[in-house]
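Numbering (the numbering used here), first residue to last: 1 to 276.
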Ligand code: AMP
């Protein structure tokens, strides 16, 4: 496994690499959710590449960029074990050198949900993913359904800017109790970890109500709200039931809908979603 820090060195490795090449972009602190993407990239491509970069431009000024969990040694051991060929682990200066001044704005799809609650977040995501896809030039790039809106943003970006990758969306990996795996779960105390289960429970409630014939989205949102607010540790950012293709909020569930939510458990902001 080659661990590469510079764009120039990655270009050389790219020229020598067998194709097709699959890329898994990550911010590191790898867990089984990330590794599911890595295993899939390994299976489907002659070369498996992973990027590890905690991207400062997708964090707001009051967010956790400085304290975001990092463990490069453990990450590299997991990737080596999974049979990854190339790891791109650039410094912030390598990705954003002095004078850097170009930003990608994906428009409407990035303005809702996470975009509304985390100003500038998707400008940061779109800019760094655009750079990664341009540097790495993967045939396939793997993203998790856990970050459903990010997948839509990346698909839009890839299509609009002709970046040429096949975007592969992989299912959300959960702990046995239903909590979606996230690098940020390490922030949770034991009590908060229990409170965090309300995210998944509320999504399951939405699925259940819908499967019983309920199509009134405000009613389902209300029931989810009631379930989550039984925990005093939970503070809801948003609960959304939206058209899964364009993220327009729905009154009636009459097409594939993305049920998604962001909830603060103590100081930790968690997101989760399901499609119904
Ligand atoms: P991150 O390091 O949080 O930026 O995540 C890197 C990639 O892994 C993104 O495409 C995420 O959507 C994906 N990912 C993170 N957590 C999970 C999970 N629990 N299940 C599936 N994919 C995930």
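Ideal placement from N, C-alpha and C gives every residue a C-beta, glycine not left out. Quantities reported herein were computed from a predicted structural model and do not represent experimental measurements.
Next on the checklist: Is any non-hydrogen atom of the ligand AMP found closer than 8 Å to the C-beta of residue 24, if you look at the structure I gave you?
Outcome noted: yes
Checklist entry - Just the Cα atoms here: how many angstroms apart are residue 264 and residue 237? => result 7 Å
Checklist entry - Of all the beta strand (DSSP E) runs that stay within the bounds of the segment 153-236, which reach a length of 3 or more residues? => result As far as the segment 153-236 is concerned, its whole beta strand (DSSP E) runs of at least 3 residues are 166-170.
Item to check | Neighbour-count burial assignment, residue 62, 16 or more Cβ in a 10 Å radius | outcome: exposed
Next on the checklist: Using only CA atoms, which one of 207, 208, 176, 210 lies nearest to residue 197?
Outcome noted: 176
Next on the checklist: For residue 308 and residue 276, which I take to be in contact (beta-carbon distance under 8 Å), what is that distance rounded to the nearest angstrom?
Outcome noted: Residue 308 falls outside the range modelled here, since the chain spans only 1 to 276, and no answer is possible.
Checklist entry - Roughly how many whole angstroms lie between the Cα atoms of residue 227 and residue 213? => result 19 Å
Item to check | Where residue 25 falls: helix, strand or coil (DSSP) | outcome: strand
Item to check | At least three beta-carbon pairs within less than 8 Å, the segment 216-230 to the segment 245-261 | outcome: The segment 216-230 is in contact with the segment 245-261.
Checklist entry - Based on the DSSP output, what are the partners of residue 263 in its beta bridges? => result Answer by DSSP bridge pairing, in chain order: 236, 270.
Checklist entry - residue 269 and residue 201: beta carbons closer than 9 Å? => result no
Item to check | Proximity winner among 68, 211, 138, 173, relative to residue 22 (alpha-carbon distances) | outcome: Per the Cα distances, 138.
Next on the checklist: Once DSSP output is grouped into helix, strand and coil, what is the label at residue 140?
Outcome noted: Here residue 140 carries a strand assignment [DSSP, helix/strand/coil].
Checklist entry - With 9 Å set as the bound, which would you pick, yes or no: does the beta-carbon of residue 223 sit closer than that to a beta-carbon of chain C? => result Absence of chain C from the displayed structure is noted, only one protein chain being present.
Next on the checklist: Could you check whether residue 140 and residue 45 sit closer than 9 Å to each other, using their CB atoms as the reference points?
Outcome noted: yes
Next on the checklist: Please classify residue 267 as buried or exposed, where buried requires at least 16 neighbouring CB atoms within 10 angstroms.
Outcome noted: exposed
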